[in-house]
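Under the working numbering, the first residue of the sequence shown is numbered 108, with each subsequent residue one higher. We put the CB at the ideal spot given by N, CA and C, even for glycine. Only a predicted model underlies this, so the values are computations on that prediction, with no experimental measurement involved. Here is the structure we will look at.
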Amino acid sequence: IAINSMPDHIHIFIGLKPVLSISDLLQDIKENSSKWINNKKFVVGKFNRHAGYGAFSYSHSRLNRVVKYIQNQQQHHKKKTFRQEYIELLDRFKVPYDERYLFKEIV
């Protein structure tokens, strides 16, 4: 439904059927996009994606709001880092976490 990337992360908003797990989907996306980036030689050396990911679910009634949020990533990240955004989402959805295991800033 929507996709947008920043230098250190990507937002993908899709409808996912229950027969496919999020981890399998992300493994396919990471594997194929890493191969594509390496084949195109967009980076010096070998490109590898971060091992982790975050996944959140939304109700159909929030569809337009989520799409707009994803489309405005460049503007949004003028004010906050990826780590700040991620922690904000975890807090908003009341997801418990240990900061030792969160993504590190890479850009």
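- The stretch 154-163 makes contact with the stretch 127-143, as at least three CB pairs between them are under 8 Å.
- By the CB criterion at 8 Å, Gln-191 and His-118 fall outside the cutoff.
- Counting the other CB atoms within 10 Å of its CB gives His-167 a total below 16, which places it among the exposed residues.
- Within the DSSP bridge table, the entry for Asn-111 names His-118 as partners.
- A contact between stretches requires three or more CB pairs, one per stretch, nearer than 8 Å, and the stretch 109-117 meets this requirement with the stretch 181-189.
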